[in-house]
Amino acid sequence: MALMQCPDCHKELSDRAHACPQCGRPLAGTVEKKPTKHYGCGTLIVGLVTLFAVATCWNAARDGPAAPVTRASHASDRPENAEIVRASKTELRQLTAIRNVEWVDGEMTIAVEDNGGSWDSVADSTCTWLRSRGFKGDVAVSVLDAPALRNKRWKQLARQRCN
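Every letter in the sequence shown is one number past the one before it in full-length UniProt numbering, and letter 33, counting from 1, is 33.
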């Protein structure tokens, strides 16, 4: 601890004193420093994430509203194929192996009793039947095992794309 003199009253005092105890004059160079804040990596990461979120929102707002989503049209939904779709549900069931005919998302699904037959020929014959009736557009024909469907399982025996 060093001693120094007060510039006004010339009294000796400590160099760590903030003011002269006799006259009260503040001493030069003894201004208190405020403690500095130290910013760590966490502050940097939070700042970068915030900046990224603002930039993403800015780009989304600038791009404008998204285009409305429309349902894709299937060939089985066309008006000219409506009668053929209705007829397929009744006429194809008359075949001995076929248990059910359904149209799901534009695909024809045929449920059959699996007896080891050639199910590819059933799918091919169905495509031929659809074309002979005047069906327009592409359609997929899936032949499924009926007992498996009843047990909520999916066993595909054949699949044919009709062009």
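Built from N, CA and C at the ideal position, the CB exists for glycine as well.
Every value quoted in this text rests on a predicted model; they were computed, and no experiment measured them.
Ranking His10, Asp124 and His74 by CA distance to the CA of Leu92 puts Asp124 first. In the DSSP annotation of this structure, Asp77 is not part of any alpha helix (DSSP H), being labelled neither H nor E. Close CB contacts of Arg131 within its chain, under the 8 Å cut and outside five residues either way in sequence, are with Cys162 (chain order). For Val139, DSSP records a beta bridge to Cys162.
In the three-state reduction of the DSSP assignment, Arg131 falls in the helix class. Contact between Val141 and Thr126 holds: their C-beta atoms lie close to 5 Å from each other, under 8 Å. Ranked by how close their Cα comes to the Cα of Gly134, the residues Trp119, Gln160, Pro79 and Ala158 have Pro79 in first place. Asn59 and Val139 have their C-alpha atoms spaced approximately 40 Å apart.
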